[in-house]
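When we follow the working numbering, the leftmost residue of the sequence shown carries the number 2, and every step to the right adds one. Below is one structure, written out as structure tokens, with a few remarks after it.
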Amino acid sequence: MAGIDGKVVAITGASSGIGEATARLLAERGASVALGARRLDRLDVIAGRLRDRGLAAITCRTDVTRSADLERLVTRTVTEFGRIDVLVNNAGISRISPMSALDTDGWSAMIDANLRGVLNGIAAAMPAFRRQGRGHFVTTVSTAGLKITPTMAVYGGVKNAVRTILEGLRQESTDGVIRTTSVSPGYVRTELAESIHDLELRERIRQNMADFAIPPEAVARTIAFAIEQPDDVEISDIVVRPTRQD
Ligand code: NDP
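Structure (structure tokens):
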């Protein structure tokens with residue numbers, strides 16, 4: 002099965018930014034999409050606009066830190082559309098700060114959403130993928146794990162843990178049933194800076210986003226590129242960053 006048309010894709014963090022752009026692009030290209038995030042009102046608006054255009058979209062309130070929520074997202078997707086071809090583990094937060102700030106709550110929040118959230122997604126979709134004999138995990142990682150910068154030690158570390166897990170899963174899945182893709186974006190113009198508590202840092206990241214970030218649609222196209230490959234072609238690891246990012 003190649004292409005996007007006819008595929009069933011569940012996306013976490015679909016209420017804004019990269020997840021929203023991905024949901025829209027995939028639906029426009031013929032996928033049936035299931036949108037998950039905590040802000041159900043925003044999901045319903047996005048999905049409603051897609052349905053108004055005759056496209057297939059459902060919503061499911063999903064907090065990725067809760068394994069039961071991911072199980073519900075997968076179950077609802079399969080119940081509504083008959084199967085699940087792709088899970089885009091995209092939800093994430095960026096409570097970045099210098100290590101010296103000892104923001105242990107922020108560290109835990111990033112571990113819970115950005116790492117445990119991905120594991121919860123893998124655990125929820127893996128049985129369906131195995132049952133179907135096919136399935137694809139796409140995960141939004143980050144260039145913060147490739148070029149380590151001050152204030153992003155824990156964020157980048159957590160993202161690299163996810164990259165490692167996806168590579169381990171890839172190596173355990175060479176029977177051809179499961180594909181894995183890590184997409185590492187650089188600066189993307191989204192709402193991500195809102196999760197930064199340090200006001201000065203938040204302003205600096207916002208300024209970088211305004212100065213040179215790429216639009217979330219650029220990452221959505223990258224995700225679509227990985228999904229549209231034939232089943233025997235796996236785009237394992239891909240970086241998409243602003244041309245002007247150092
Ligand atoms: P946004 O803040 O615009 O989107 C984040 C999404 O994640 C929202 O839909 C939010 O929805 C959701 N989310 C956050 N926490 C949870 C949770 N506990 N459960 C479910 N959903 C959650 O930022 P981006 O689009 O930029 O972020 C998407 C991904 O891209 C993240 O993993 C981020 O780390 C990664 N990334 C972003 C970069 C950038 O420069 N923007 C660069 C590299 C990677 P809601 O609040 O409704 O739950």
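Glycine included, C-beta positions come from ideal geometry on N, C-alpha and C.
Would you tell me roughly how many angstroms separate the C-alpha atoms of residue i and residue j, rounded to the nearest one?
i           : j           : result
residue 212 : residue 242 : 13 angstroms
residue 170 : residue 183 : 11 angstroms
residue 81  : residue 24  : 16 angstroms
residue 90  : residue 138 : 7 angstroms
residue 249 : residue 72  : The displayed coordinates of the chain run from 2 to 247. Any statement about residue 249 would go beyond what the structure contains.
residue 51  : residue 103 : 43 angstroms
residue 97  : residue 198 : 8 angstroms
residue 219 : residue 202 : 25 angstroms
residue 174 : residue 226 : 21 angstroms
residue 145 : residue 189 : 12 angstroms
residue 172 : residue 166 : 10 angstroms
residue 101 : residue 222 : 38 angstroms
residue 210 : residue 224 : 21 angstroms
residue 140 : residue 54  : 28 angstroms
Leaving out the 5 sequence neighbours to the left and right, which residues in its chain are closer than 8 angstroms to residue i when beta-carbon positions are compared?
i           : result
residue 232 : 2, 3, 135, 177 and 180
residue 151 : 99
residue 64  : 39 and 70
residue 68  : 121, 124 and 125
residue 62  : 37, 38, 39, 41, 44 and 70
Based on Cα-Cα distance, which residue from the options lies nearest to residue i?
i           : options              : result
residue 133 : 37, 58, 99 and 87    : 87
residue 83  : 9, 208 and 220       : 9
residue 13  : 6, 75, 216 and 32    : 75
residue 58  : 77, 66 and 67        : 77
residue 111 : 35, 131, 205 and 163 : 163
residue 95  : 119, 238 and 206     : 206
Can we count residue i as close to the ligand ATP, meaning its CB is less than 7 angstroms from some heavy atom?
i          : result
residue 98 : Among the ligands modelled here, namely the ligand NDP, the ligand ATP does not occur.
Here's a check: name, in chain order, each residue in its chain whose Cβ is nearer than 7 angstroms to the Cβ of residue i, leaving out the five neighbours to either side.
i           : result
residue 191 : 17, 18, 19 and 217
residue 31  : 5, 6 and 7
residue 93  : 14, 114, 115 and 141
Determine, for residue i, whether the minimum Cβ-Cβ distance to residues of chain D falls below 8 angstroms.
i           : result
residue 145 : Here chain D cannot be found, since the structure has a single protein chain.
Counting only the same chain and skipping the five closest in sequence on each side, list residues whose C-beta sits under 6 angstroms from that of residue i.
i           : result
residue 187 : 144, 242, 243 and 246
residue 56  : 28
residue 235 : 180
Is it buried or exposed for residue i, if we count other Cβ within 10 angstroms and need 16 for buried?
i          : result
residue 37 : buried
residue 21 : buried
Query raised in the report: For the 8 angstroms Cβ check, are there 3 or more pairs between the segment 153-164 and the segment 111-118?
Result: yes
Query raised in the report: Are the segment 41-57 and the segment 119-132 touching, with three or more C-beta to C-beta distances below 8 angstroms?
Result: no
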